[in-house]
Amino acid sequence: MSASTLSRSLTRLEQQLGVFLLRRTTRLVEITPEGSTVLAAARDILDRAGCLQEITTTGQAPDGPLRVNAPVPFALHVLAPRLAEFRAESQKILQQAAWSSCFQDSWIPSR
Numbered sequence: 000m001s002a003s004t005l006s007r008s009l010t011r012l013e014q015q016l017g018v019f020l021l022r023r024t025t026r027l028v029e030i031t032p033e034g035s036t037v038l039a040a041a042r043d044i045l046d047r048a049g050c051l052q053e054i055t056t057t058g059q060a061p062d063g064p065l066r067v068n069a070p071v072p073f074a075l076h077v078l079a080p081r082l083a084e085f086r087a088e089s090q091k092i093l094q095q096a097a098w099s100s101c102f103q104d105s106w107i108p109s110r
């Protein structure tokens, strides 16, 4: 966001609230007491919104077992790096992996 856009947005907010949020001089910009109050309230709103977001997404997080069976070369070069990343992101998932040195019929698509 450019400085001019930010300045215009701040001016509009100050007009809507009827208070100065910042004291601007040629040498510095400092927050006013009213600005401190508004900033604290805004941070509180953002924190509460984050909590609400967490509550609404908690029930949607996948959980349960994930069973993976794959040939060793594929597991080492493709799955292992992705499973580590997946484990970090999806802590409710219990990963069960089995690596095999031979192919199974279930890995070959039926025609």
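Residue 69 in numbering that gives the first Met the number 0 sits at position 70 of the sequence shown; the count goes up by one each step and never skips.
Just so you know, even glycine gets a beta-carbon here, dropped at the ideal spot from N, CA and C.
Any idea which residues DSSP pairs Arg22 with across the strands?
-> According to DSSP, which records beta bridges pairwise, Arg22 is partnered with Glu29.
Minimum C-alpha distance to Ser89 - residue among Pro80, Ser1, Leu78 and Gly63 = Of the listed residues, the one whose Cα sits closest to Ser89 is Gly63.
Is it right to say Gly17 is buried, meaning 16 or more other beta carbons lie within 10 angstroms of its own, or is it exposed?
-> Classification for Gly17: exposed.
Closest residue to Ile92 among Leu75, Arg22 and Arg66 (Cα-Cα distance) = Looking at the Cα atoms, Arg66 is the closest of the given residues.
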